[in-house]
Amino acid sequence: MAGHIAAGVDGSPQSVAAAHWAAQEAVRRGTELVVVHAWLPNVRPAPLAARDGTERGWAERVLREAVDSVRAAHPTLPVTGRLIGDSPVPALLSAAEEADTLVLGSLGLSRAAGVLVGSVSLRVTGRSSCPVVLVRAGRSAADEHLPTAPGLAPDEIPTIPYRAVVLGLDARSPCDEPIGFAFEAARRRATELRVCHVHEPVAGEDTAKGAAAAEHAVIALLRPWREKYPDLSIATTVTEGRPGEELVRATSEAGLVVVGRRITGSRFGERLGRVAHAVVQHAECPVAVVPHA
């Protein structure tokens with residue numbers, strides 16, 4: 165099943181939203197969708213288990229309901245359900261090793277506690293071997309498209325233009341993987357790619373010269389990509405400030421934001437960088453975190 169999209173589900177609203185986003189992406193790519201649910205018996209009773217008598221029965225029902233929901237919305241899409249007997253993080257990391265992209269639900273920032281919740285998604289995103297897309301609860305197919313008049317029929321949604329894809333670019337240490345992911349995402353959606361680089365001034369630096377150098381670096385970096393995607397509309401911005409804050413601000417009207425995650429090989433485990441962490445917390449649109457060396 166090389167080349168497929170995988171989605172992790174656990175019965176929560178955000179995981180259902182993630183499964184439907186993954187289905188839409190699988191349709192765009194012309195590939196299949198594998199819906200994954202982790203079930204580890206005899207460790208901790210499932211919180212919603214189970215009027216049908218067993219934890220396994222509850223786990224099978226969670227998976228079946230997610231698969232049925234996706235199939236109902238996308239009847240021609242090949243969808244496979246996979247129940248993995250392991251705890252969630254290793255199960256999802258295993259699924260990621262076989263997929264092109266893994267899609268997970270994200271709760272984002274808890275307003276009450278002021279901390280990031282959804283620790284399974286966060287830990288998997290920080291260690292996954294493939295790109296991970298995080299999707300909030302309540303997302304629908306219409307949210308990826310530009311605003312329309314009320315009363316639009318569901319079958320009319322695909323005819324509405326997509327919102328822009330935003331790429332957070334660090335011109336000082338660029339990597340092909342997140343750039344390529346963003347360009348392909350924009351190409352598949354036939355929409356604009358907005359490339360955002362945020363320049364952080366160094367103490368004692370001439371601000372104007374630093375900003376000009378950053379802008380020249382972005383232009384040079386994107387030149388071969390513009391040649392590779394000549395039909396793609398590309399807008400670039402170079403701003404000054406805190407990268408995480410500025411990138412979140414740039415995604416307010418986006419359909420997808422793409423950021424990179426450097427693979428460090430640390431024996432203490434991988435984790436998100438501060439920019440990716442800020443975007444995952446605060447961006448309202450789905451976030452693609454793409455690992456790179």
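Each number in the numbering used here corresponds to the 1-based position in the sequence shown with 164 added.
Virtual Cβ for every residue (Gly too), placed ideally from N, Cα, C.
Measuring CB to CB, does residue i end up less than 9 angstroms from residue j?
i      : j      : result
Ala170 : Val200 : yes
Ser270 : Val412 : no
Val243 : Glu196 : yes
Arg425 : Gly290 : yes
Glu308 : Arg353 : yes
Val330 : Leu357 : yes
Ala202 : Gly249 : yes
Pro348 : His456 : Before going further, note that residue 348 is Glu rather than Pro in the sequence given. No, the Cβ-Cβ distance between Glu348 and His456 is not below 9 angstroms.
Val423 : Val439 : yes
Val288 : Arg246 : no
Thr312 : Ala305 : no
His441 : Gly408 : yes
Ala328 : Ala452 : no
Ser285 : Gly172 : yes
Phe345 : Val454 : yes
Thr401 : Val359 : yes
His361 : Ala335 : yes
Ala377 : Val267 : no
Arg387 : Leu396 : no
Pro239 : Asp264 : no
Provide the residue(s) that pair with residue i in DSSP beta bridges, ordered along the chain.
i      : result
Leu247 : His201
Arg145 : Lying outside 165 to 457, the shown extent of the chain, residue 145 is not represented and no answer is given.
Cys360 : Gly332 and Thr401
Val444 : Answer is none; Val444 lacks a bridge partner.
Leu266 : Ala170 and Val296
Leu420 : Val329
Val451 : Leu298 and Val421
What would DSSP say about residue i, mapped onto helix, strand or coil?
i      : result
Glu529 : Residue numbering for the chain in the displayed model covers 165 to 457; residue 529 lies beyond these limits and cannot be assessed.
Leu286 : helix
Arg435 : coil
Val366 : coil
Ala183 : helix
His380 : helix
Glu256 : The sequence shown places Leu at residue 256, not Glu. Here Leu256 sits in helix by DSSP.
Leu241 : coil
Arg215 : The pLDDT assigned to Arg215 is 47, lower than 50, so where the model puts this residue is not dependable, and the model offers no usable value.
Leu396 : coil
Leu310 : coil
Thr415 : coil
Ser233 : helix
Arg225 : helix
Ala317 : coil
Thr195 : coil
Pro338 : coil
Thr371 : helix
Gly175 : coil
Arg291 : coil
Arg303 : coil
Hey, does residue i have any beta-carbon neighbour from chain D nearer than 9 angstroms?
i      : result
Pro295 : This model lacks chain D altogether; it includes just one protein chain.
With a 10 Å radius around its C-beta and 16 neighbouring C-beta atoms as the bar for buried, classify residue i as buried or exposed.
i      : result
Thr355 : buried
Ser283 : exposed
Gly368 : exposed
Asp174 : buried
Arg303 : buried
Ser337 : exposed
Val231 : buried
Pro450 : buried
Pro314 : exposed
Ala236 : exposed
Ser292 : buried
Ala447 : buried
Thr323 : exposed
Ala399 : exposed
Leu310 : exposed
Thr415 : buried
Ala260 : buried
At least 3 beta-carbon pairs within less than 8 angstroms: the stretch 175–195 vs the stretch 288–302 = Yes, they touch.
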